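Notes follow once the structure below has been shown.
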Amino acid sequence: MSSISPARPAPAAAPSPASGAGSPPAYVYDLAELDAHVRAVRAALGDVELYYAVKANPDPELLRTLLPYVDGFEVASGGELAHVREHFPQVPVALGGPGKTDAELLSDVTRLHVESPGELRRLLASGRPADVLLRVNLDISIEGAALAMGGGATPFGMDPAGVDECVALLRSQEAVRLRGVHAHLASGLDAPRMLELAAVILDYARTLGVTEINLGGGMAVSYTDPSLRFDWQAYGRGLAALRRPGETLRIEPGRSLTVYCGRYVTHVIDVKRVHGELFAIVAGGTHHLRTPATKGHDQPVLVPRTGEPITIVGQLCTPKDVLARRVPIALKAGDRVEFTMAGAYAWNISHHDFLMHPRPTFHYLHRPEPS
Ligand SMILES: Cc1ncc(COP(=O)(O)O)c(C=O)c1O
Numbered sequence: 005m006s007s008i009s010p011a012r013p014a015p016a017a018a019p020s021p022a023s024g025a026g027s028p029p030a031y032v033y034d035l036a037e038l039d040a041h042v043r044a045v046r047a048a049l050g051d052v053e054l055y056y057a058v059k060a061n062p063d064p065e066l067l068r069t070l071l072p073y074v075d076g077f078e079v080a081s082g083g084e085l086a087h088v089r090e091h092f093p094q095v096p097v098a099l100g101g102p103g104k105t106d107a108e109l110l111s112d113v114t115r116l117h118v119e120s121p122g123e124l125r126r127l128l129a130s131g132r133p134a135d136v137l138l139r140v141n142l143d144i145s146i147e148g149a150a151l152a153m154g155g156g157a158t159p160f161g162m163d164p165a166g167v168d169e170c171v172a173l174l175r176s177q178e179a180v181r182l183r184g185v186h187a188h189l190a191s192g193l194d195a196p197r198m199l200e201l202a203a204v205i206l207d208y209a210r211t212l213g214v215t216e217i218n219l220g221g222g223m224a225v226s227y228t229d230p231s232l233r234f235d236w237q238a239y240g241r242g243l244a245a246l247r248r249p250g251e252t253l254r255i256e257p258g259r260s261l262t263v264y265c266g267r268y269v270t271h272v273i274d275v276k277r278v279h280g281e282l283f284a285i286v287a288g289g290t291h292h293l294r295t296p297a298t299k300g301h302d303q304p305v306l307v308p309r310t311g312e313p314i315t316i317v318g319q320l321c322t323p324k325d326v327l328a329r330r331v332p333i334a335l336k337a338g339d340r341v342e343f344t345m346a347g348a349y350a351w352n353i354s355h356h357d358f359l360m361h362p363r364p365t366f367h368y369l370h371r372p373e374p375s
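Everything in the sequence shown is counted per my numbering, starting at 5 for the first residue and increasing by one.
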């Protein structure tokens, strides 16, 4: 059994145990579940280094739970870097992302992911030492991805000509050391597709003669069938087979690590029928949990009692404030509603201030202390 503790209410929110009628919605993070999940991922990866992409969910309690299993954190801004440094000053950090400011570019990190020849020129002009990976965007077809950051003309990373330009710039100087290649080409791919991509990225890295290869994140997560999980065992075995002696392989997943541990708990304010369709209006909405609006899916919801299909919407005055469409559950005013898979790209990507409703509270389920 787990215990529940209201460890950190969100700023500007009144602390509340969990969402009941009249109280604000709540995020509940099951840290014991997260611990078990990441422990299994870590074991499946063998020698592959694991960095967590902080952008998926920077909650310090989650980062603390991940800490024993990760080799570092991947951050994509000076804000994320300051956040990680504040809580975990000793942990290795890789900084990536297009459009780095001078302050970001010159920050002291374990690895800097260079996104363009222009960035590299600015870094070299500063005279500041750095260990860099060149972010490559290979011209390959990426089928079945939820999002593609590479495989064609996108603002992420460089094509091989851009990488060649960087390699030439790095010659005849010693301050900036070329450590390897970084490639985050797509998100939402299963283990066989990720391994195909890994093979292509590794072939490319070997042409440059580098031995450190960051294969990115993007491991698939299914919101339609939460029981369909990324096959970490197969991925770990596949990477072990691809890796050559002397090579360091690294990955930086976000969503696939933290998505399952979070729930968004709210309650029904009103139920109504409009032009024949049933709607449940819940406290909160997509300003707390933007994931279904941004990904265009129905957020998975726990179904205590089946009933006539009902569309669950939030309190915002926009037709986009839909959390799940035509869910077959019986709901009435006052009922508790629990959305699952809310541990990644959920609260932290939401437009919190729109309409100035109260913020949710945050709660953490811990593993019980051994007695
Ligand atoms: C460079 C980079 N690395 C890692 C990630 C994490 O991806 P995911 O959360 O899909 O694993 C992202 C997400 O956009 C990214 O841009």
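All residues carry an ideal CB built from backbone N, CA and C; glycine is no exception. Just so it is clear, the structure is predicted and the values come from calculations on it, not from any experiment.
- In the structure shown, M345 falls within a coil segment according to DSSP collapsed to helix, strand and coil.
- Residue pairing by DSSP places F283 opposite K276 and T315 in a beta bridge.
- Residue side-chain check: S120 keeps its Cβ at 7 angstroms or more from all non-hydrogen atoms of ligand 1.
- A direct Cα-Cα distance of roughly 40 angstroms separates C265 from G213.
- Residue burial is scored here from C-beta neighbours: S260 has at least 16 other C-beta atoms within 10 angstroms and is therefore classed as buried.
- At a Cβ-Cβ threshold of 8 angstroms, R132 and A179 count as neighbours.
- Where I255 is concerned, the enclosing beta strand (DSSP E) starts and stops at T252 to I255.
- Beta-bridge analysis with DSSP links N218 to H186 and R254.
- With respect to the C-alpha of P102, the residue from P121, P28 and N218 having the closest C-alpha is P121.
- In the DSSP annotation of this structure, the continuous segment of the beta strand (DSSP E) that includes R329 starts and ends at V326 to I333.
- With a 10 Å radius around the Cβ and a threshold of 16 neighbouring Cβ atoms, A195 comes out buried.
- The bridge partners DSSP lists for R267 are V32.
- Inter-residue distance for V317 and V326 is about 4 angstroms (C-alpha atoms, whole angstroms).
- Beta-bridge partners of Y56 (DSSP): F77.
- For T365, there is no enclosing alpha helix (DSSP H); the residue is part of the beta strand (DSSP E) that begins and ends at T365 to H370.
- Per the coordinates, the alpha-carbon of L232 lies some 22 angstroms from the alpha-carbon of L219.
- Contact between the stretch 306 to 324 and the stretch 226 to 242 is absent, with fewer than three C-beta pairs closer than 8 angstroms.
- By the Cβ-count criterion, L306 is exposed, with fewer than 16 other Cβ atoms from all chains shown falling within 10 Å of its own Cβ.
- Straight through space, the alpha carbons of H279 and T69 are spaced by roughly 48 angstroms.
- Of the heavy atoms belonging to ligand 1, none sits nearer than 7 angstroms to the Cβ of K324.
- Distances taken from the Cβ of A47 to the heavy atoms of ligand 1 include none shorter than 7 angstroms.
- In this structure V118 is in contact with C170, their Cβ atoms being roughly 6 angstroms apart against a cut-off of 8 angstroms.
- DSSP places A149 in the coil class of the three-state scheme, outside both helix and strand.
- Here A165 is exposed. Its C-beta has fewer than 16 other C-beta atoms within 10 Å.
- Apart from the 5 residues on each side of it in sequence, P64 sits with its Cβ closer than 6 angstroms to the Cβ of H91 in its chain, given in chain order.
- Per DSSP, reduced to three states, the secondary structure at A40 is helical.
- Assignment of beta-bridge partners to M162 by DSSP yields V140.
- Taking a contact as a CB-CB distance under 8 angstroms, the pair L142 and Y208 counts as one, their CB atoms being some 6 angstroms apart.
- Out of Q237, T252, A297 and A350, the CA that lies nearest to the CA of A47 is found in Q237.
- The alpha carbon of F358 has as its nearest neighbour, out of T252, A334, T322 and H186, the alpha carbon of T322.
- With respect to G50, G240 sits close: the two C-beta atoms are nearer than 8 angstroms.
- In this structure Q177 is exposed. Its beta-carbon is surrounded by fewer than 16 other beta-carbon atoms within 10 angstroms.
- The shortest CA-to-CA distance from T252 to any of A98, V272, R183 and G148 is the one to R183.
- For V97, there is no enclosing alpha helix (DSSP H); the enclosing beta strand (DSSP E) covers residues V97 to L99.
- By the CB criterion at 8 angstroms, G156 and T262 fall outside the cutoff.
- The beta-carbon separation of A44 and E256, rounded to 18 angstroms, does not stay under the 8 angstroms limit for a contact.
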